[in-house]
Amino acid sequence: MSKEKLEVLTPQNSQLIFIDQQPQMAFGVQSIDRQTLKNNVVGLAKAAKAFNIPTVITTVETDSFSGHTYPELLAVFPDAPLLERTSMNSWDDQKVRDALVQNGRRKIIVSGLWTEVCNTTFALSAMHDADYEIYMVADASGGTSLDAHNYAMQRMIQAGVVPVTWQQVLLEWQRDWARRGTYEAVTAIVKDHSGAYGMGIDYAYTMVHKAPERVTHGARLKPVPAN
30 MSKEKLEVLT
40 PQNSQLIFID
50 QQPQMAFGVQ
60 SIDRQTLKNN
70 VVGLAKAAKA
80 FNIPTVITTV
90 ETDSFSGHTY
100 PELLAVFPDA
110 PLLERTSMNS
120 WDDQKVRDAL
130 VQNGRRKIIV
140 SGLWTEVCNT
150 TFALSAMHDA
160 DYEIYMVADA
170 SGGTSLDAHN
180 YAMQRMIQAG
190 VVPVTWQQVL
200 LEWQRDWARR
210 GTYEAVTAIV
220 KDHSGAYGMG
230 IDYAYTMVHK
240 APERVTHGAR
250 LKPVPAN
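Following my numbering, the numbering of the sequence shown begins with 30 at its first residue and continues without gaps.
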C-alpha cells in the first residue's frame, strides 16, 4: 500500500463528491435501506460542512429521468452549483474534473448511486487518469442489488480504492475531542444521524452529566394506578 493511503483523512487533505444522489437513482437501490441511505448521505454532508471540506455535487439527467437532488442534501449546501451531466461516469464531464482540480485535494471521498456503475467508473478513471486517491463511502452509496454493490466494492478495493463508512469519515476528521472548534457540530450530527451512538450521547449528557434535554416538552405526569 502506498504511503499516501496510510495518511489518515484530515480536513486539510480531503475533498468530497456526491454523485447522483437523486430519487430515481435511489428507487433502484436494493443493497441498503433507502431511508438509511439518505440519512447517511445527509450525515456525511453535514460533516463536510462542519469541517469546511470542499464538496462537489454532480447530477445526471435531472429533468428527463433522475429527478432533483435530495432537498435535505441541498439544504446543507444551498449555494453549491449542481454539475449536470449526460454521462454515467462523472469523470467524463469536464466541469467535474475542473472542480476537483480547483479543490486541490488528492484524497477524494465518494458517495454516489449506483455503486456498480457511476461510483466504480468514476473511481477507476480518476485513479487511472489523474492518480487521485479514492475513498468510497460504502454506506452512503447503493447498488441495484446487494451483489451488485458488494462485487463493485470488491473490484474497486482490488484496484486500490479505500472503503470507508460515513461515521468513520466524520470521526477521522475530528480525530481528537480536545478540538473544541468542531466538537459541538460533530456531536450534533451524531445525535441526529448515528442511531444508537447518538442515543448514547443523549443518555450520557442528561442522565450522567445532568445536562438539560435537547428539546422542551410537556409536563411529565406521575403514574396513577388504575382501580
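We put the beta carbon where it would ideally sit given N, CA and C, even for glycine.
All figures in this text were calculated on a predicted structure; none of them were measured in a lab.
| Asked | Found |
| --- | --- |
| With a threshold of 8 Å, are at least 3 pairs of Cβ atoms found where one atom belongs to the stretch 77–86 and the other to the stretch 181–197? | no |
| Return yes when the C-beta of alanine 109 is under 6 Å from any heavy atom of the ligand PLP, and no when it is not. | The ligand PLP is absent from the structure shown, which contains no ligands of any kind. |
| Expressed to the nearest angstrom, what Euclidean distance is found between the alpha-carbon atoms of alanine 136 and asparagine 42? | Here residue 136 is lysine; the residue named in the question, alanine, does not match the sequence. Near 6 Å, if we compare the C-alpha coordinates of asparagine 42 and lysine 136. |
| Using CA coordinates, which residue listed in Ala181, Thr173 and Tyr164 is at the minimum distance from valine 190? | Tyr164 |
| In the DSSP output, which residue or residues are listed as bridge partners for threonine 84? | Leu45 |
| Which class does serine 140 belong to by DSSP, given the choice of helix, strand or coil? | strand |
| Taking 7 Å as the threshold (C-beta atoms), are cysteine 147 and isoleucine 61 in contact? | no |
| Taking DSSP as the reference, what is the three-state secondary structure of leucine 111? | strand |
| Closest to leucine 199 by C-alpha separation, out of Ala240, His178, Ala188 and Ile138, would be which residue? | Ile138 |
| Taking DSSP as the reference, what is the three-state secondary structure of glycine 172? | coil |
| Taking serine 116 as the reference, give the member of Gly171, Gly172, Ser95 and Asp168 with the closest Cα. | Ser95 |
| Around the C-beta of tryptophan 120, are 16 or more other C-beta atoms found within 10 angstroms, so that it is buried, or is it exposed? | buried |
| With burial defined as no fewer than 16 other Cβ atoms inside 10 Å of the residue's Cβ, what is the status of glutamine 123: buried or exposed? | exposed |
| Give a yes or no on contact between the stretch 165–182 and the stretch 206–221, applying the rule of three or more CB pairs nearer than 8 Å. | no |
| Which two residues bound the contiguous beta strand (DSSP E) that contains isoleucine 163? | 162–166 |
| Take the Cβ of lysine 67 as the centre, count every other Cβ of all protein chains shown within 10 Å, and call the residue buried at 16 or more, exposed below. | buried |
| Could you give the DSSP three-state label for valine 37: helix, strand or coil? | coil |
| With respect to the alpha helix (DSSP H) encompassing valine 125, which residues constitute its N-terminal and C-terminal limits? | 123–132 |
| Would you give the residue range spanned by the alpha helix (DSSP H) that valine 198 belongs to? | 195–203 |
| To the nearest angstrom, report how far apart proline 107 and asparagine 81 are at their CA atoms. | 14 Å |
| Run through the DSSP bridge pairs and tell me what valine 219 is partnered with. | Paired residue(s): none; valine 219 is not in a bridge. |
| Check proline 332 in the structure and name its three-state DSSP category. | Residue coverage of the chain in this structure runs from 30 to 256, which leaves residue 332 outside it and unanswerable. |
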